[in-house]
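Peer 1: Residue numbers (my numbering): 25 to 438.
Here a beta-carbon is modelled for each residue, glycine too, at the ideal position from N, C-alpha and C.
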RNA sequence: GUGGCUGUAGCUCAGUUGGUUAGAGCGCCGGGUUGUGAUCCCGGAGGCCGGGGGUUCAAAUCCCCUCAGCCACCCCA
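#1: Nearest by alpha-carbon distance to residue 327: which of 133, 169, 46, 120 is it?
#2: Identify whether residue 370 lies in helix, strand or coil by the three-state DSSP scheme.
#3: Please work out which residues of its chain come closer than 8 Å, Cβ to Cβ, to residue 3, disregarding the five sequence neighbours upstream and downstream, and give them in chain order.
#4: Tell me whether residue 338 sits in a helix, a strand or coil according to DSSP, three-state version.
#5: Just the Cα atoms here: how many angstroms apart are residue 274 and residue 138?
#6: Does the Cβ-Cβ distance between residue 256 and residue 195 come in under 9 Å?
#7: Less than 8 Å between C-beta atoms, sequence neighbours within five positions excluded: which residues of the same chain meet that for residue 70?
#8: Residue 351 to residue 345, Cα distance in whole Å?
#9: What are the partner residues of residue 187, as DSSP defines its beta bridges?
#10: How many whole angstroms separate the CB atoms of residue 291 and residue 189, which I take to be in contact at a CB cut-off of 8 Å?
#11: Assuming the contact rule is C-beta atoms closer than 8 Å, residue 324 and residue 152 should be a hit. Round their C-beta distance to whole Å, please.
#12: Should residue 177 go down as buried or exposed, given a rule of 16 or more other Cβ atoms within 10 Å for buried?
#13: What does a CB cutoff of less than 6 Å around residue 242 pick up in its chain, not counting 5 residues either side in sequence?
#14: Give the straight-line distance between the Cα atoms of residue 433 and residue 296, rounded to the nearest whole angstrom.
#15: At 4 residues or longer, what runs of the alpha helix (DSSP H) sit wholly inside the segment 191-244?
#16: Taking three-plus beta-carbon pairs below 8 Å as touching, is the segment 128-147 in contact with the segment 259-269?
#17: In whole angstroms, give me the CA-to-CA distance for residue 370 and residue 378.
#18: Rounded to whole angstroms, what's the CA-CA distance from residue 301 to residue 385? Just pull it up for me.
#19: Would you decide whether residue 155 is buried or exposed? Buried here means 16 or more other CB atoms lie within 10 Å of its CB.
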């Protein structure tokens, strides 16, 4: 039995789970279309550098969470841990001649070797958007608004808060980085092991830590917001004005720092307290340096990704599946007739359930369990008269209907 | 990767201080005569007690290892 379990951190998505997943992704799809975002699919695996160069060689995702292997020709290959790097690569290799801005939407599985937990799997699904070629802070506002629109349509907006921060541009961040590192030298011994390493790699992320020593060290530290240059300050101000225009409420969280190196300026997360420790359901920010870093032309970008499983857990019951009409032959003699009747009705747009065995009783029982709204009973008696018996599964009422007018009669069950 | 909790039929769980052939409810399959579902009645199948090793006359029950799930750290969507 243990051999037959799905691999650790993965799970089978059964029909009922899929109704939730589909509701989430189809809602996202529909709203993204309203904003003019076209769908893109990139490969599930890429050359390893696509991720290591963009997410940051020292980021946690790259150093310990990637599924990396050599393919048969010895090329280092990685199952994608996130979507943005692949989209950036696709932009460089095939979309450069497209007029900017480019608005893209994607969805699909992502892979991260992490310890599984509620709301965290090794294979999980994201949908996300990328807006390429827009320098204007209103670009950030558009993508955030789009995300809020989707969350609203999914009915989870009340369970979520938008946290916002700025990371500033490269110049501001560099300047701040050195003052922060200098400040933290005195606290070095109190820092967690992880954060001591972060001092070299990504000191900003120390703000994110829940470690007591880290928090104490950082409590009185100078803030990035004080170190921002005018451009960065103005940029952040305009993002906030834009959000006010669209009526989206947010709170500023100066400790919000993203773990992927490609972010700059805007960083945001829609977070919930309903999913235990895994609070972020839709998060992202601006990544102006990313495409250049990958070897493409300098192109600004902004976007986000959302967790399908996490949102699936938050939504109320998804819309029920379409109700079926059961076609039921009585006796072996009418099986073929029933089969072809089922086929005719399907081509006419009716959802038909057809079992393959059992007497009338069993088949009605099956229809009931499938929550069928009606059953069409076809026996020799009916066939001889050119009729079928239509049984309403709610009222148990049966009507004899001529086969020639069956479709009109069934319209109320569609 | 670190720590804590858990693991008994398809599902939710009982299982007394280690002691005969391991139980319930739900679900599943069949029956309650000929062509009528959900209720009711009767019957049945299904467990190497997650896996491996050890202690013991005896282990679902105690010990060790391992696998998996959950929770937190961590990480992020």
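Peer 2: Result, derived from the coordinates:
#1: Locating residue 327 in the first chain gives position 303, counting from the first residue. The residue with the shortest Cα to Cα distance from residue 327 is 169.
#2: If you number the first chain from 1, residue 370 lands on position 346. It is helical.
#3: Not covered by the structure: residue 3. The range shown for the chain is 25 to 438.
#4: For the purposes of this step, residue 338 is taken as residue 314 along the first chain, with counting starting at 1. Note: residue 338 maps to helix in three-state DSSP.
#5: As a working note, residue 274 is residue 250 in the first chain. As a working note, residue 138 is residue 114 in the first chain. Roughly 30 Å between the two C-alpha positions.
#6: The sequence position of residue 256 within the first chain is 232, counting from 1. The sequence position of residue 195 within the first chain is 171, counting from 1. Yes, Cβ-Cβ distance for residue 256 and residue 195 is below 9 Å.
#7: On the first chain, position 46 is the one that residue 70 refers to. Within the same chain, residue 70 has close Cβ partners 101, 102, 104, 109, 110, 113.
#8: To locate residue 351, count along the first chain from 1; it is residue 327. To locate residue 345, count along the first chain from 1; it is residue 321. Their Cα atoms are separated by approximately 18 Å.
#9: For the purposes of this step, residue 187 is identified with residue 163 of the first chain, where counting begins at 1. Its beta-bridge partners are 275, 293.
#10: Along the first chain, read from residue 1 onward, the residue named residue 291 stands at position 267. Along the first chain, read from residue 1 onward, the residue named residue 189 stands at position 165. Their Cβ separation, rounded to whole angstroms, is 5 Å, which keeps residue 291 and residue 189 in contact under 8 Å.
#11: Here residue 324 corresponds to residue number 300 of the first chain, with the count starting at 1. Here residue 152 corresponds to residue number 128 of the first chain, with the count starting at 1. About 17 Å separates the two Cβ atoms, so there is no contact after all.
#12: On the first chain, position 153 is the one that residue 177 refers to. Per the 10 Å Cβ criterion, exposed.
#13: Counting from one through the first chain, the residue named residue 242 turns up at place 218. Excluding residues within five positions, the ones whose Cβ falls inside 6 Å are 230, 231.
#14: Taking the first residue of the first chain as position 1, residue 433 is located at position 409. Taking the first residue of the first chain as position 1, residue 296 is located at position 272. Going from the Cα of residue 433 to the Cα of residue 296 covers about 48 Å.
#15: 194-208, 217-225, 236-243
#16: no
#17: Against the first chain, residue 370 aligns to sequence position 346. Against the first chain, residue 378 aligns to sequence position 354. Roughly 11 Å between the two C-alpha positions.
#18: Counting from 1 along the first chain, the entry for residue 301 is found at position 277. Counting from 1 along the first chain, the entry for residue 385 is found at position 361. Residue 301 and residue 385 have their C-alpha atoms some 50 Å from each other.
#19: In the first chain, residue 155 corresponds to position 131, counting from 1. Label assigned to residue 155: buried.
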